[in-house]
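Line by line, the protein sequences give chains A and B. If you count the first sequence from 1, position 39 lands on 39 in the working numbering, and the numbers rise without skipping. Take any residue in the second sequence, count from 1 to its spot, add 1000: that is its number in the working numbering. Virtual Cβ for every residue (Gly too), placed ideally from N, Cα, C. Remember, predicted model here, so these are calculated numbers, not experimental data.
Number of protein chains: 2
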Amino acid sequence: MVTSTRTGRRPGPGTARDDILNTARALFARDGFRGTTMRAVAEGAGVDPALVTHYFGSKQGLFDAVLELPFDPRTVFQTLVAAGTEELGERLVRFFLSTWTSDGTAGPLATLVRTVINEPTAARTLERLLVQDGLGPALASAGLDEPELRAAMIASQLVGMGLLRFVLRIEPLASCSDDLAVANFGPAIQRFVTAPLAAQGGME
Amino acid sequence: MVTSTRTGRRPGPGTARDDILNTARALFARDGFRGTTMRAVAEGAGVDPALVTHYFGSKQGLFDAVLELPFDPRTVFQTLVAAGTEELGERLVRFFLSTWTSDGTAGPLATLVRTVINEPTAARTLERLLVQDGLGPALASAGLDEPELRAAMIASQLVGMGLLRFVLRIEPLASCSDDLAVANFGPAIQRFVTAPLAAQGGME
């Protein structure tokens, strides 16, 4: 199971709230936002629908709760970057891989990517987590230019890798080892961290 | 509109068959495979449901037809690679960008990516198009080692870029120019074409 590093948000494992969240995560990933009902989540979690409303207010509230990642993007990326930018590419790939598989199946990021495809609100969450609150400020604090462009490019490669490896299971990426993925994608991400970029101003 | 380069598959623009395909493409992308009915496609296209069955047999047949790309992956990648592998990265990015935007919105690849997320059969189509029939053999013909691994890594970056830029519209990728995207992603793809790779055998 995923362990939250945020305090006060989850009352501990095995509670009805966790059961609701786990059921909702699976249903949102399978049926999308529109195809998922509060009633179906309650049934799947074996609780009264009123309890779902009590905890999360609305389907949107439930959805936002499901999209909470099991790490705080403001601190985790700062920590990764603070260890230096030289091998940051490899560390980012390894961290990303570990997050996808942290619950034994494909992890919360898989749910996020599966769900965001047709949900603009979820896409904004991804943008905020990966670019604006998370990696962008961390890269800026390391003194790198174009931190948000770099963060978005890094996110595009990490999300694409996760999508093909874990969600679509496209070979030979699906079955290669984590070490192999780190060895091959690490240098690609590293380029996006430190290589000179073409920026919008310079192209016009 | 998308123009097919395959002969004999589409009877020309403006026909009922095209209307059905365009409607189905929009509905599959919005509602997924499970959420789309033959009846809804017929209604959207303004035709009798029997005509949808006549042309495509089943929902699966209709889905397969929607996933036909407007280019033949066996020839287009061979052509791109035959021009030399030195600037192949830039050519691949530019081709990919043009394909996503070829119908004025986000193109057939956007539909494919939106739809494949929850459709294993569609993921196999993507695997075949991008890795097995398409780019993999083209890279092999250029004498590159690990052509399918290279093809899958290239696909992961192209799909991730397309997803963030066109589907999720994550900034600053969503609004940067094609030239800027080519300038920044081209060298990344080029690495996957020609840089030494770690291969599964060497990691174990």
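In terms of residue numbering, what span does the alpha helix (DSSP H) encompassing residue i cover?
| i | result |
| --- | --- |
| Gln190 (chain A) | 178-194 |
| Leu1097 (chain B) | 1088-1100 |
| Thr23 (chain A) | 16-31 |
| Glu148 (chain A) | 147-162 |
| Phe1166 (chain B) | First-last for Phe1166 (chain B): undefined, no H or E at that position. |
| Glu1043 (chain B) | 1038-1045 |
| Leu1051 (chain B) | 1049-1056 |
| Val1066 (chain B) | 1059-1066 |
| Ser141 (chain A) | 136-141 |
| Gln78 (chain A) | 73-82 |
At 9 angstroms on the CB atoms, spell out the chain A contacts of residue i, in chain order.
| i | result |
| --- | --- |
| Ala1155 (chain B) | Gly160, Leu164, Ile170, Leu173 |
| Gly1143 (chain B) | Neighbours of Gly1143 (chain B) on chain A: none; closest Cβ ~19 angstroms, over 9 angstroms. |
| Gly1035 (chain B) | Asp31, Gly32, Arg34, Gly35 |
If the cut is a Cβ gap below 7 angstroms, which residues of chain A does residue i touch?
| i | result |
| --- | --- |
| Val1116 (chain B) | Leu168 |
| Val1131 (chain B) | Ile170 |
For a contact defined as C-beta to C-beta under 7 angstroms, what are the partners of residue i on chain B?
| i | result |
| --- | --- |
| Ala16 (chain A) | Those within 7 angstroms of Ala16 (chain A) in chain B number zero; the least Cβ separation is about 27 angstroms. |
| Ala123 (chain A) | Leu1168, Arg1169, Ile1170 |
Sort the options by Cα distance to residue i and report the nearest one.
| i | options | result |
| --- | --- | --- |
| Pro172 (chain A) | B:Arg1124, B:Gly1032, B:Arg1034, B:Cys1176 | B:Arg1124 |
| Val1113 (chain B) | B:Ser1175, B:Glu1086, B:Leu1168, B:Ala1142 | B:Leu1168 |
| Val1052 (chain B) | B:Leu1067, B:Ala1016, B:Gly1035, B:Asp1031 | B:Ala1016 |
| Leu92 (chain A) | A:Val41, A:Leu197, A:Ser177, A:Ala188 | A:Ala188 |
| Thr194 (chain A) | A:Glu127, A:Thr37, A:Glu146 | A:Glu146 |
| Gln78 (chain A) | A:Asp179, A:Gly143, A:Ala138 | A:Ala138 |
| Phe1063 (chain B) | B:Glu1087, B:Thr1085, B:Val1116, B:Val1076 | B:Val1116 |
| Ala198 (chain A) | A:Leu149, A:Ala65, A:Ala83, A:Val76 | A:Leu149 |
| Leu144 (chain A) | A:Cys176, A:Arg128, A:Asp31, A:Pro196 | A:Pro196 |
| Phe1192 (chain B) | B:Ala1122, B:Val1182, B:Ser1141, B:Gly1089 | B:Gly1089 |
| Asp18 (chain A) | A:Val41, A:Asn184, A:Ala140, A:Leu130 | A:Val41 |
| Glu127 (chain A) | A:Ala142, A:Ala151, A:Asp31 | A:Ala151 |
| Leu129 (chain A) | B:Ile1170, B:Asp1178, B:Ala1082 | B:Ile1170 |
| Ala122 (chain A) | A:Leu67, A:Ser141, A:Gly84, A:Ala82 | A:Leu67 |
| Ala82 (chain A) | A:Ala142, A:Asp179, A:Asn184 | A:Ala142 |
| Ala140 (chain A) | A:Phe28, A:Thr85, A:His54 | A:Thr85 |
| Arg1030 (chain B) | A:Phe28, A:Arg34, A:Ala29 | A:Arg34 |
| Ser175 (chain A) | A:Val182, A:Phe166, A:Gly186 | A:Phe166 |
| Gly207 (chain A) | A:Thr36, A:Leu164, A:Glu87 | Outside the shown range of chain A, which is 1 to 204, sits residue 207 (chain A), and nothing can be said about it. |
| Ala1065 (chain B) | B:Leu1180, B:Asp1178, B:Phe1028, B:Gln1190 | B:Phe1028 |
Could you list which residues in chain B have their beta carbon closer than 9 angstroms to that of residue i, in chain order?
| i | result |
| --- | --- |
| Arg191 (chain A) | Pro1187, Ala1188, Arg1191 |
| Ala45 (chain A) | Per Cβ cutoff of 9 angstroms: no residues; Ala45 (chain A) is ~21 angstroms from chain B at best. |
| Ala40 (chain A) | What Ala40 (chain A) touches in chain B: nothing, since even the nearest Cβ is about 14 angstroms away. |
Check the Cβ of residue i against every Cβ in chain A and list those closer than 8 angstroms, keeping chain order.
| i | result |
| --- | --- |
| Leu1149 (chain B) | Pro172, Leu173, Cys176, Asn184 |
| Leu1139 (chain B) | None at all; the shortest Cβ gap to chain A is about 13 angstroms. |
| Ala1152 (chain B) | Leu164, Ile170, Glu171, Pro172, Leu173 |
So which residues on chain B does residue i lean against when the C-beta distance must stay under 8 angstroms?
| i | result |
| --- | --- |
| Glu127 (chain A) | Leu1168, Ile1170, Glu1171 |
| Leu88 (chain A) | Simply none; closest approach about 15 angstroms. |
| Ala24 (chain A) | Neighbours of Ala24 (chain A) on chain B: none; closest Cβ ~16 angstroms, over 8 angstroms. |
Inter-stretch contact (C-beta, 8 angstroms, three-pair minimum) for the segment 66-86 of chain A and the segment 129-138 of chain A
yes
The segment 1081-1098 of chain B in contact with the segment 1057-1065 of chain B per 3-pair CB rule at 8 angstroms:
no
Should the segment 1148-1167 of chain B be called in touch with the segment 150-165 of chain A, which here means at least 3 C-beta pairs below 8 angstroms?
yes
Segment contact, 8 angstroms Cβ cut-off, at least three pairs: the segment 44-56 of chain A with the segment 11-31 of chain A
yes
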